[in-house]
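What follows is one structure encoded as structure tokens, with my remarks underneath.
There are 2 protein chains.
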Amino acid sequence: MSDLVTRLKALLADGAVIDGEEAVRIGLARRPLGAPLAVVRPGSTAEVASVLRLCHEAGQAIAPWGGCTGLVEGARADGMIALSLQRMNRIEQIDAPGATMTVEAGCILQTVCEAAEGQGLFFPLDLGARGSATIGGNISTNAGGNRVLRYGMMRELVLGLEVVLADGTVMSSLNHLIKNNAGYDLKQMFIGSEGTLGVVTRAVLRLRPKPSSQNMALLAVDEYPHLPKILRNLERGFGGTLSAFEVMWQDFYKLVTSPPAKGRPPVPHGHAYYVLIEALGGDTAEDDARFERVLATELENGEIADAAIAKSKGECERLWALRDDVLQVGQNAPIFTFDVSLGIVEMESYVCEVRDGLKARWPAMSLMVFGHLGDGNLHLIPGVGDGGSKARHDVEEIVYGALRKRGGSVSAEHGIGLEKRDYLSYSRNADEIALMRTLKKAFDPRNILNPGKIFAVN
Amino acid sequence: MSDLVTRLKALLADGAVIDGEEAVRIGLARRPLGAPLAVVRPGSTAEVASVLRLCHEAGQAIAPWGGCTGLVEGARADGMIALSLQRMNRIEQIDAPGATMTVEAGCILQTVCEAAEGQGLFFPLDLGARGSATIGGNISTNAGGNRVLRYGMMRELVLGLEVVLADGTVMSSLNHLIKNNAGYDLKQMFIGSEGTLGVVTRAVLRLRPKPSSQNMALLAVDEYPHLPKILRNLERGFGGTLSAFEVMWQDFYKLVTSPPAKGRPPVPHGHAYYVLIEALGGDTAEDDARFERVLATELENGEIADAAIAKSKGECERLWALRDDVLQVGQNAPIFTFDVSLGIVEMESYVCEVRDGLKARWPAMSLMVFGHLGDGNLHLIPGVGDGGSKARHDVEEIVYGALRKRGGSVSAEHGIGLEKRDYLSYSRNADEIALMRTLKKAFDPRNILNPGKIFAVN
């Protein structure tokens, strides 16, 4: 056992340091996260700081772990100390009048949402992994999800951070204020930096008033150009309450509404696109009427081919369940998952080019497409009957090649991690990447914080 | 004339470089901005880059200038090259389907707002200096203003930036995407950094759908604790359309509704607080009804003592004119202006403590208070009959001392500049300021970019 691990065991409470093999054996990690030297689970910011001081002195690389639900190998920890925040999972304070919540980084997203609701408030971040993803992970990847359209990404939901820097310095910036222009807004650097600039240990979250009305519908649309028009018309017509505009290409819709999937089609198969829409408002009776009237107008002018309006909380949940039933793509395994963003007007031609490119090479391929169209964010899940690294590379070239031409981003919300590192230059130019390196070197001169993630330092 | 100025004149087109004395004589600057070595007005990013390369080699300090409407001496340029962006004022592109606008940094805010409206779109940033403040200045101070409650500060309205770094490198990061997690979000570091990390030359702005309804009212409220309740109830009741919640303490309201001010009181004097509210929605007829119904409920439950609802566009403009008529505070000249933020629940006791502190020292003092209560942001404008630096220092100790105890910020939206530099430590701890210095040194090792602003580097 390495000398460093011995010293870490001496430093922390019993059971806080688990040797790598043991950690893998007891399944501490939900996904293949490589072979860490050890998994260290500090119980406090002070312990995180002492771990980092030790690793900094030793030049030992660490990989911060949250819920390990990431999709881009951002937590891969071969030969590293896996620094798990899972034991730091307390909600420390809820300030109801100020509408803020202070939590430890290991706090589970769903726990935060439920605690906010308990106070008549609302934490808007919502994504499939809500039950296991941590707030620290949401911050380090600037998580997006289902309601970015209305409430923004995680960046807009964080007021303050406590971060432990590479050398163990605790940088406490637990701002509770909505507006604070007193010098640089340091938290912005850590949000979305995937654990490469510091380890987030605590956060102050911004809460919103709890909506008192939820209106949902599933729309069928036959022509792509109608989608951006419908989006703009609903944004206007609902006057600021549109909270989701989730588009499912027909193959995906068919997949999640046919056996063996549990879901059934609220509107018939056979249309080109299906849109899940949600509005969150403040006046149940009136919002229902407005919702139906605005949709009726869209139906009349022919942009919407068919629509099913959810009539109950249960029906709303069933609509979300369709959109969330991404596991069904496993039917086409082996698969690859992509998370891209591009201009809404480009999406139709983009998806066609990707599909044609894949078909030409793998005639039997499948391509599932869905996403947060309102945010310009698409998830593409191709299956080409081959999960090997050569196939992955060839698929990536097709998916990202078509994206690069359109000025898109290889990561809308999942981050870069290791998986997309070779393609960062498709979405960022040399000057941008050089400046990222400048920042990394200034904050982590020994390159011990999640090294190799996002970009190679040298 | 300095050798550097001679070289700058040779480098740029005729008339682009104006000697300091001449610049002062012809009144290039709207406020006392010190005595610059010269004012340089490049016409392109390439010229900005060549100016910076030259200044970097020479170790010559520069102060970026936008509209020079700042309130904290952030553009003060004694002995520096004043780098004015005012000639780079073009709107380069409006992408209506994508709802983005690409502009040069010297573009005037109001010009941007009008251009957006011309396309049926909306740029929400709104502040008193709209007619002369530039987008570059709005970015460098992370401007706030009247509609932060609904649309966020400038940070939330910027998608991409082009920045010239200290050494003249042009870092073009003109992202058009709403979601882009491909590596660090570099623009975040430059927004709100007051020209100390780079010179913003172009920006991609996010536009919103143009609201089709505007509802406004002026509310009279007698007890402070009612204000946060009314705010939350309106946020809920208006379902996401509340765009302004501007509170005027009674002295300020009286000042802007009595001669010599042009404004007249829409509701009588004598109440403790007056609130200007605005909702921007998508359905004129229905929004009017909702607006009046929600207000009626508040009147019934007694939280609102009196209310005047604007019945026309003209009446809306007259209500905003009251709130914007800040020049009336000149009646109490000499005055000092403060821009603080703190928790809404703390504001009443805070203002009382400041008033008592000032009264104890200057019995004849005046204190005008108003601000964006929905954002936790108050503007305090005391007049103590003495504009001297000793009086300023004593007033600052009273205003900021009471703020420090309450965990407030010495700058909600104006920035730190030179004026508030000595008080940065009231709102940021030593670790935060140390990290700001780390960032500054990494980006501007020779300390030539607006040196001395926000904090002293050494």
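Chains F and L, in that order, are what the protein sequence lines are. With my numbering applied, the first sequence closes on residue 935, and no number is skipped along the way. With my numbering applied, the second sequence closes on residue 935, and no number is skipped along the way. The beta-carbon is built from N, C-alpha and C at its ideal position, and this holds for glycine as well.
Assigned secondary structure, asparagine 954 of chain L (DSSP; H/G/I helix, E/B strand, else coil) | With chain L covering 478 to 935 only, the question about residue 954 of chain L has no answer from this structure.
Report the option in F:Ala756, F:Trp542 and F:Gly834 whose CA atom is closest to the CA atom of alanine 610 of chain F.
-> For alanine 610 of chain F, the closest of F:Ala756, F:Trp542 and F:Gly834 by C-alpha to C-alpha distance is F:Trp542.
Test: threonine 588 of chain L CB closer than 8 Å to a CB of chain F | Proximity of threonine 588 of chain L to chain F, defined by a Cβ-Cβ separation below 8 Å, is not satisfied.
Are the C-beta atoms of phenylalanine 815 of chain L and some chain F residue less than 8 Å apart?
-> No, because no Cβ of chain F sits closer than 8 Å to the Cβ of phenylalanine 815 of chain L.
Using the beta-carbon of each residue, which ones in chain F are nearer than 8 Å to isoleucine 910 of chain L?
-> For a Cβ distance threshold of 8 Å, residue set Gly660 of chain F lies close to isoleucine 910 of chain L, ordered along the chain.
Any Cβ of chain L within less than 8 Å of the Cβ of valine 831 of chain F?
-> Output row for valine 831 of chain F: interface = no.
So does isoleucine 821 of chain L have its beta carbon nearer than 7 Å to some heavy atom of the ligand HEM?
-> With respect to small molecules bound, the structure shown includes none, and the ligand HEM cannot be examined in it.
Pick helix, strand or coil for serine 527 of chain L, following the three-state DSSP scheme.
-> Looking at serine 527 of chain L - three-state DSSP - the assignment turns out to be helix.
With a CB to CB cut of under 8 Å and the five nearest residues on each side skipped, what residues in its chain are close to lysine 836 of chain F?
-> Result list for lysine 836 of chain F: Met842, in chain order.
Nearest neighbour of isoleucine 571 of chain L, chosen from L:Glu550, L:Gly820, L:Leu562 and L:Phe599 [CA to CA] = Put simply, of L:Glu550, L:Gly820, L:Leu562 and L:Phe599 the residue whose alpha carbon is nearest the alpha carbon of isoleucine 571 of chain L is L:Phe599.
Between the CA atoms of glutamine 665 of chain L and leucine 505 of chain L - distance to the nearest angstrom = In this structure, the CA atom of leucine 505 of chain L is about 30 Å from the CA atom of glutamine 665 of chain L.
Compare the C-beta of leucine 937 of chain F against all C-beta atoms of chain L and say whether one is closer than 8 Å.
-> The first residue shown for chain F is 478 and the last is 935, placing residue 937 of chain F beyond what the model contains.
Within 7 Å of chain L by C-beta, residues of the segment 738 to 760 of chain F in sequence order = Result list: Gly758, Gly759 and Asp760.
Under 7 Å from the C-beta of serine 649 of chain L: neighbouring residues of chain F = At a beta-carbon threshold of 7 Å, the residues of chain F lying near serine 649 of chain L are Asn906 and Asp908, ordered along the chain.
First and last residue of the uninterrupted alpha helix (DSSP H) at glutamate 825 of chain L | From DSSP, the alpha helix (DSSP H) with glutamate 825 of chain L extends over 824 to 838.
Report the neighbours of phenylalanine 715 of chain L on chain F: residues whose CB is nearer than 7 Å to its CB, in chain order.
-> Per Cβ cutoff of 7 Å: Gly759.
Between aspartate 480 of chain L and chain F, is there a C-beta pair that is closer than 8 Å?
-> Under the 8 Å criterion on CB atoms, aspartate 480 of chain L is classed as non-interfacial with respect to chain F.
Measuring only between beta-carbons, confirm whether histidine 891 of chain F sits less than 8 Å from chain L.
-> Interface residue, yes.
So the alpha helix (DSSP H) isoleucine 616 of chain L belongs to, where does it begin and stop?
-> That run of the alpha helix (DSSP H) goes 612 to 617.
Indicate the three-state DSSP secondary structure (helix, strand or coil) for histidine 748 of chain L in the structure shown.
-> The answer is coil: DSSP assigns histidine 748 of chain L none of H, G, I, E or B.
Evaluate cysteine 829 of chain F with the Cβ neighbour count: other Cβ atoms within 10 Å of its Cβ, from every protein chain shown; 16 or more gives buried, anything less gives exposed.
-> That one is exposed.
Since phenylalanine 599 of chain L sits in a beta bridge, which residues does DSSP pair it with?
-> Paired residue(s): L:Arg685.
Taking 8 Å as the CB-CB cut-off, is glutamine 563 of chain L touching chain F?
-> Not an interface residue.
Could you name the residues of the same chain whose beta carbon sits closer than 8 Å to that of arginine 484 of chain F, not counting the 5 residues immediately before and after it, in chain order?
-> Once the five neighbours on either side are set aside, the close Cβ partners of arginine 484 of chain F are Leu531.
Alpha carbon of glutamate 524 of chain L to alpha carbon of leucine 488 of chain L, nearest angstrom | Straight-line measurement puts the Cα of leucine 488 of chain L at about 8 Å from the Cα of glutamate 524 of chain L.
For alanine 552 of chain L, count neighbouring C-beta atoms within 10 Å of its own C-beta (all shown protein chains included) and say buried if the count is 16 or more, exposed if not.
-> Burial call: buried.
Pick out whichever of L:Val752, L:Gly492, L:Lys687 and L:Glu712 has its Cα sitting closest to the Cα of leucine 626 of chain L.
-> Shortest Cα-Cα distance from leucine 626 of chain L to any of L:Val752, L:Gly492, L:Lys687 and L:Glu712 involves L:Glu712.
Any chance the segment 891 to 910 of chain L sits against the segment 651 to 670 of chain F, with 3 or more Cβ pairs inside 8 Å?
-> Yes, the segment 891 to 910 of chain L touches the segment 651 to 670 of chain F.
For glutamine 808 of chain L, which of helix, strand or coil comes out of DSSP?
-> DSSP places glutamine 808 of chain L in helix when its eight states are reduced to three.
Give the residues of chain L in contact with aspartate 852 of chain F, contact being defined as C-beta atoms less than 9 Å apart.
-> Among the residues of chain L, those whose CB is under 9 Å from the CB of aspartate 852 of chain F are Leu654, Ile655 and Lys656, following chain order.
For leucine 634 of chain F, which residues of its own chain have a beta-carbon under 8 Å away from its beta-carbon, when the five flanking residues on both sides are left out?
-> Counting only Cβ-Cβ distances below 8 Å, and skipping sequence neighbours, we find Phe600, Pro601, Leu602, Tyr628, Leu682 and Arg683.
Can you list the beta strand (DSSP E) stretches of 3 or more residues lying completely in the segment 705 to 789 of chain F, in chain order?
-> 719 to 726, 750 to 758 and 783 to 786, all fully within the segment 705 to 789 of chain F.
Using a threshold of 8 Å, state whether the C-beta atoms of alanine 889 of chain L and serine 818 of chain L are closer than that.
-> Yes, Cβ-Cβ distance for alanine 889 of chain L and serine 818 of chain L is below 8 Å.
Which residues in chain F sit within 7 Å of arginine 709 of chain L, going by Cβ to Cβ distance?
-> Per Cβ cutoff of 7 Å: Pro686.
Near methionine 630 of chain L, what residues of its chain come up, given a Cβ to Cβ distance below 6 Å and the 5 sequence neighbours on each side ignored?
-> If we look at methionine 630 of chain L and ignore the five residues flanking it on each side, its Cβ neighbours are Asn619 and Gly621.
Could you tell me whether any Cβ in chain L is nearer than 8 Å to the Cβ of proline 509 of chain F?
-> Not flagged as an interface residue toward chain L: proline 509 of chain F, since no C-beta distance is shorter than 8 Å.
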